[in-house]
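Right, one structure below, let's go through it.
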Amino acid sequence: MSVTSVQPATTESLSRHGSNISLSHHSLYGSVDDGLQGSHPQYQDTILTIEELRAQLNSCFTCGVSWSEEHVSLDCSECGGYSLQRPCPLCDGRCHTVWKRDLTMSHASRKARWIGECGLSCGPSLEESLVPALEKLRATS
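Numbers in my numbering are just positions in the sequence shown, counted from 1, shifted up by 9.
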């Protein structure tokens, strides 16, 4: 990070009252320290603590429910009917694997997105095994 010097901006005004002319010199900015010591009142309410930020990220941006408190909205596409975890969506939970919510993608797409792997799809599925065998059988008949 570099430090630069800040030159105060000044205004000079020339006013004339009758035959008297006055020149006034005003600084528009105080010192840099003066500006940094007090925060701008407009932005005081927007500063979040880490806990508040975590609570916000663990909540639905669409309907506002708190997933960290296991709240969900059944008709909200970002919630998708589940909070932070759900049974495997590929086999409807038969593999007993729990998938975790992808918070970044859920918020970005406004649709429920999940991270996980189905415990039943480790090897080739029954369909993947039978289709070539049935095609081979049909070709020989």
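Ideal placement from N, C-alpha and C gives every residue a C-beta, glycine not left out.
Who are the near neighbours of residue i in its chain, counting only those whose CB is closer than 7 angstroms to its CB and skipping five residues on each side?
i: GLY90; result: VAL81, LEU83
i: LEU129; result: CYS100, ARG103, CYS104
i: PRO98; result: TRP108, TRP123
Based on the DSSP output, what are the partners of residue i in its beta bridges?
i: VAL107; result: PRO96
i: SER82; result: Bridge partners of SER82: none, in fact.
i: TRP76; result: The partner list for TRP76 (beta bridge, DSSP) is empty, contrary to what the question assumes.
In chain order, what residues of the same chain have a beta carbon less than 6 angstroms from the beta carbon of residue i, not counting five sequence neighbours either side?
i: ARG95; result: TRP108
i: ALA142; result: none
Just tell me which of the options has its CA closest to the CA of residue i.
i: TRP123; options: SER92, THR149, ARG63, GLN65; result: SER92
i: GLU126; options: ARG147, SER68, THR106, ILE56; result: THR106
i: THR71; options: GLU61, CYS88, GLU60; result: CYS88
Quick check: what's the CA-CA separation for residue i versus residue j?
i: LYS120; j: ASP101; result: 18 angstroms
i: LEU112; j: THR58; result: 19 angstroms
i: SER86; j: GLU144; result: 40 angstroms
i: GLU79; j: SER115; result: 16 angstroms
i: SER118; j: TRP76; result: 17 angstroms
i: THR55; j: LEU62; result: 11 angstroms
i: GLU60; j: SER68; result: 12 angstroms
i: ARG147; j: GLY73; result: 56 angstroms
Tell me which residues share the same chain as residue i and place their Cβ nearer than 8 angstroms to its Cβ, disregarding the 5 neighbours each side in the sequence.
i: ARG110; result: TRP76, TYR91, SER92, LEU93, GLN94, ARG95, ALA121, ARG122, TRP123, ILE124
i: GLN65; result: LEU57
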